[in-house]
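Below is one structure, written out as structure tokens; comments come after it.
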Amino acid sequence: MELLLQSMLGFLGGLGIFLYGTHLLSNGLQKLAASKMRAYLTKLTNTRWKGVFSGIVVTFFLQSSTVTSILIVGLVGSSAITLSQAFGVVLGSAIGTTLTVQILAFNISVYSSIFIFLGAIFIIFVKRNNWNVVGLLLLSVGFVFFGIHMISSSLEPLSENQHFLRSLLSISQNPLLFAFVALALTALFHSSAAMIVIGIAFVSSGVLSIHAVIPLVIGANVGSTIPVIVTSLTTNLEGKKLAFFNFLFKFSGAVLAFLLLPFITNHIDFLPGNAQRQIANFHTLFNVVIATLFFPLLPLVAKVFEKMFPKQTEEAVFTVRLSEGLLEVPDEALNNSKAEISKLAKMVYHDMIQRLLSYLEGNIQASSLRQVEERIDQSYIQIQKYLLKLGQRDLSGEQSNREVKLLNILNDIEHIGDTVVRFIGVAEKVSQKNLLFNEEDLAALHKMLGHIEQTYKNSLQAFHKNDLALAKENIQYQSTIDQFEKDIKFEHYNSLINQKENNPDISAVYLDIVNQLLQINHHAMNISRTVLGLI
Amino acid sequence: MLTRHNYYEQKRSKIKRLVLEVLNDLSQMTELYTAYLNHPTDERRGWILKTESDVNKHEARIEKDILEIISLQQLDVKELRWLLGMNRIIRELERIGDQLTNIVTLSDVADTQALKPMIQTFFHFESEMIEWVKKGITNEDKQILEDVMEQDHYVNQLNKGTYNNLVHLINEKENITESNLKTIIISRFLERIGDHLVNIARVYLEVCEEMED
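For the protein sequence lines, the chains are H and B, in the order given. Heads up, the first sequence is in this note's numbering, so the first residue is 1 and it goes up one at a time. Heads up, the second sequence is in this note's numbering, so the first residue is 536 and it goes up one at a time.
Pasting the structure below:
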């Protein structure tokens with residue numbers, strides 16, 4: 001009993017170290033290469049073949065099919081690649097993950113301590129940032145292999161424990177049940193590699209035969225799609241399509257493999273290598289075969305999915321759509337946040353700024369503008385909360401800078417909403433106090449609204465396209481606005497004097513309106529300043 | 536913990552880096568000219584003129600950056616002074632480039648042997664002054680900038696020496712050659728280079744003191 005407990009503790013410790021190692025490795029690689037891989041996927045996925053190849057390369061380099069699928073969701077969402085091409089990447093990604101297991105099947109666990117030692121030295125003693133990342137990668141590779149070593153060595157004593165062997169054999173004798181257990185555990189670990197490594201350890205320690213482990217490999221393949229489906233429930237439509245395609249693809253493969261299970265069991269020994277390598281080879285072969293079978297069907301499957309998941313009609317009311325799952329890939333989370341802020345900013349333009357003139361002319365009610373402001377406030381809270389959560393992650397300098405810019409721009413948009421409400425409050429005094437502005441003053445207000453619209457439109461475009469030249473041009477226009485402010489006030493005093501008007505309320509309300517409008521312009525200008533980097 | 540890249544700070548660093556690059560270019564021009572004096576060829580002459588054209592390009596870029604920053608950001612007086620100081624410095628640097636070009640243009644291949652000793656002596660002091668200006672600007676080192684101003688005293692003496700030699704030749708009624716006349720003009724150009732370096736050191740010293748206040 002004590003032996004069993006010791007083995008179980010060793011097994012859990014090893015599994016923990018393995019999972020932490022893969023997590024560190026994927027995070028480190030992602031920080032190093034996620035944005036480059038995104039650009040690579042955009043450029044080299046113009047055919048299905050290239051899609052499959054890109055999927056293999058990107059997943060292997062990022063060491064995570066989840067990250068690859070998040071990148072593809074972003075690309076399909078922005079129409080950079082088609083759904084059929086994205087499905088090609090998913091097929092490639094499935095093959096890419098098997099390469100990791102191929103590497104893990106090499107018996108190099110004994111060198112794990114060297115990786116850990118070098119990684120620790122680089123992290124602790126080398127001050128340069130690039131070497132720190134290298135250190136982190138070495139450390140994580142060391143952890144992965146050390147974890148495998150711990151799992152294998154903790155299982156070895158169990159091969160002599162009859163009680164344990166009997167229990168495991170009874171499960172493994174029912175292939176469906178064994179596959180289901182593997183599926184559930186893979187979904188729990190978020191890692192098919194971890195499950196297959198356990199299978200390899202079972203075989204290498206003599207606990208199970210290679211034939212008994214086949215259902216475990218099949219179950220692990222299907223299990224890896226479950227966390228993606230769960231995450232997709234809170235993502236956009238493209239995310240759902242890809243997650244369900246991934247499941248369909250693996251599940252079909254699993255059904256096929258179970259139908260052919262007797263054949264596979266009889267022929268698995270023909271695969272090259274020792275027992276551990278044969279398991280890794282079966283994992284690769286399983287994915288290559290189902291990818292080959294699915295490949296010609298991709299356009300058809302894409303059409304079926306387009307019908308199954310019809311495009312949603314544009315929502316009448318702006319709603320923030322940000323997936324928590326994307327926080328794992330900060331670049332994508334930032335891209336999505338930018339897209340949501342852009343949408344919010346457009347709403348502010350159409351539903352608020354462009355309607356200020358109509359409001360002044362009495363064509364729309366103040367309540368409709370106030371409703372827009374409430375929506376801005378709600379969206380602001382949601383997006384800011386998301387960005388702050390993202391900021392608590394380990395962001396690179398570039399990502400952090402992007403986050404600061406997004407927070408600033410979001411803040412300026414929210415302030416525009418607040419200022420419009422204050423503007424309404426002041427403008428309401430015109431009717432409350434029965435004030436009448438003269439034609440020159442009204443014309444000046446119209447002109448000022450024109451300036452605001454232009455400034456905001458330019459800022460929005462500069463933000464959307466990251467157009468620094470436009471942002472600069474816009475900021476340099478500030479001096480014209482400053483002069484306009486002086487002129488408008490000067491003309492106002494003169495017109496009052498010419499008309500022998502001495503009601504102080506007219507001037508107070510008019511100048512208050514002007515000030516509120518200038519404040520809106522100030523926030524619109526701030527967006528350009530932030531885009532440029534004046535932060 | 537979030538970090539940010541500020542556009543103004545990036546531009547400010549870029550301006551400083553460009554000024555230091557111009558100083559490097561000028562240092563390279565003096566080296567190229569010394570090489571030209573040892574082995575005068577059209578190719579070497581071409582290199583010097585090419586470097587001077589680089590100096591002019593850098594000057595234009597720095598001016599453009601300064602104007603851009605002023606048009607984009609409301610700056611406090613200290614920062615404004617720093618930028619204006621850099622603008623003055625780059626103009627002085629551009630003039631040094633002009634002076635060196637004048638010397639190259641004025642000195643024919645036939646004159647190089649006669650001019651070599653004098654020019655090398657001037658360059659000995661002025662190369663040192665350029666290096667000190669570079670260090671002074673890089674490290675905001677006021678002492679080294681004061682040393683530059685001090686060193687100009689030797690450069691002025693060299694110029695005075697060249698002038699006295701010519702006066703001596705005239706008094707002795709010896710033949711005054713075209714080369715003798717060129718020597719006095721080139722000496723004047725070299726002396727002006729020292730003055731420009733002093734101006735640069737003075738401006739940056741003022742900027743440093745202003746930033747400290």
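Backbone N, C-alpha and C fix where the C-beta goes; we use that ideal spot for every residue, glycine too. Keep in mind that this is a model prediction, so the values were computed, not measured.
Residue i to residue j span [Cα, whole Å]
| i | j | result |
| --- | --- | --- |
| W49/H | V288/H | 13 Å |
| K303/H | I81/H | 15 Å |
| L118/H | L468/H | 43 Å |
| S192/H | S358/H | 59 Å |
| T419/H | V742/B | 41 Å |
| P504/H | R375/H | 36 Å |
| L155/H | S205/H | 6 Å |
| Y739/B | I124/H | 40 Å |
| T47/H | L242/H | 17 Å |
| T100/H | I290/H | 18 Å |
| E439/H | H350/H | 26 Å |
| Q563/B | G581/B | 13 Å |
| K405/H | H540/B | 10 Å |
| G273/H | F115/H | 26 Å |
| L25/H | E556/B | 41 Å |
| A462/H | G417/H | 20 Å |
| I229/H | I171/H | 27 Å |
| V203/H | I210/H | 6 Å |
| E661/B | D589/B | 20 Å |
| T234/H | R321/H | 8 Å |
| M525/H | Y456/H | 7 Å |
Residues that residue i contacts on chain A, provided the C-beta gap is smaller than 7 Å
| i | result |
| --- | --- |
| H540/B | Of the protein chains in the structure, H and B, none is chain A. |
Closer than 7 Å at the beta carbon, the chain H residues around residue i
| i | result |
| --- | --- |
| S749/B | Residue 749/B falls outside the range modelled here, since chain B spans only 536 to 748, and no answer is possible. |
| Y568/B | The premise fails here: Y568/B is roughly 39 Å from chain H at the closest Cβ pair, so nothing lies under 7 Å. |
| Y543/B | L534 |
Three-state class that DSSP yields for residue i in the structure shown
| i | result |
| --- | --- |
| G239/H | helix |
| M352/H | coil |
| Q545/B | helix |
| M536/B | coil |
| P575/B | coil |
| Y477/H | coil |
| I711/B | coil |
| P310/H | coil |
| D418/H | helix |
| V742/B | helix |
Closest Cα partner of residue i within the set the options
| i | options | result |
| --- | --- | --- |
| E668/B | N694/B, F724/B, L537/B, D730/B | For the sequence presented, residue 668/B should be read as Val rather than Glu. Measuring from the Cα of V668/B, the nearest candidate turns out to be D730/B. |
| G253/H | F286/H, D418/H, L442/H, K240/H | F286/H |
| T231/H | L29/H, G325/H, N411/H | G325/H |
| L75/H | F60/H, L237/H, F11/H | L237/H |
| I264/H | F251/H, G273/H, V213/H | V213/H |
| I540/H | H523/H, K472/H, E414/H, E473/H | Examination of residue 540/H is not possible in this model, given that chain H is present from 1 through 535 alone. |
| E544/B | E627/B, L607/B, V590/B | L607/B |
| H149/H | I108/H, L185/H, S140/H | I108/H |
| R529/H | Q609/B, Q686/B, L567/B, L650/B | Q609/B |
| L388/H | E403/H, G135/H, G397/H | E403/H |
| L537/B | I116/H, L71/H, D394/H, V320/H | D394/H |
| S543/H | F247/H, K433/H, H464/H, G147/H | With chain H represented from 1 up to 535, any question about residue 543/H goes unanswered, as that position is not in the structure. |
| M621/B | D676/B, K549/B, N637/B | K549/B |
| F11/H | Q63/H, L44/H, F146/H, L32/H | F146/H |
| S507/H | V317/H, Q365/H, H492/H, I520/H | H492/H |
| E583/H | R355/H, Y386/H, H283/H | Since the first residue of chain H shown is 1 and the last is 535, residue 583/H is not available in this structure. |
| M347/H | R166/H, L369/H, L334/H, G397/H | L369/H |
| K749/B | L558/B, D633/B, T569/B, K585/B | As displayed, chain B neither begins before 536 nor continues past 748, which places residue 749/B out of reach and without an answer. |
| D643/B | P575/B, K551/B, N715/B | P575/B |
| D748/B | E598/B, D682/B, E663/B, K613/B | K613/B |
| T284/H | G28/H, I103/H, M37/H, K472/H | I103/H |
Own chain, CB closer than 8 Å to residue i, minus 5 neighbours either side, in chain order
| i | result |
| --- | --- |
| G96/H | G55, I56, V57, V58, T59, F60, S65, T68 |
Cβ neighbours of residue i in the same chain (closer than 7 Å, five flanking residues each side left out)
| i | result |
| --- | --- |
| T697/B | M653, T718, I719, S722 |
| H415/H | H523 |
| P330/H | L390, R393, L395, Q399 |
Per-residue contacts from residue i into chain B (C-beta, under 7 Å)
| i | result |
| --- | --- |
| V404/H | L537, R539 |
| G397/H | T538 |
| G391/H | L537 |
Chain-ordered neighbours of residue i on chain B, where CB pairs are closer than 9 Å
| i | result |
| --- | --- |
| K472/H | E603, S606, L607 |
Within chain H, the residues that residue i reaches when beta carbons sit closer than 8 Å
| i | result |
| --- | --- |
| Y571/B | Under the 8 Å cutoff, chain H gives no residues; its nearest Cβ is about 41 Å from Y571/B. |
Beta-carbon proximity list for residue i, same chain, < 6 Å, skipping 5 on both sides
| i | result |
| --- | --- |
| T630/B | Looking at the sequence provided, one finds Arg at residue 630/B rather than Thr. Excluding sequence neighbours, R630/B sits near H731. |
Residue i Cβ short of 6 Å to the ligand GTP heavy atom set
| i | result |
| --- | --- |
| I424/H | With respect to the ligand GTP, the structure offers nothing, as it holds no ligand at all. |
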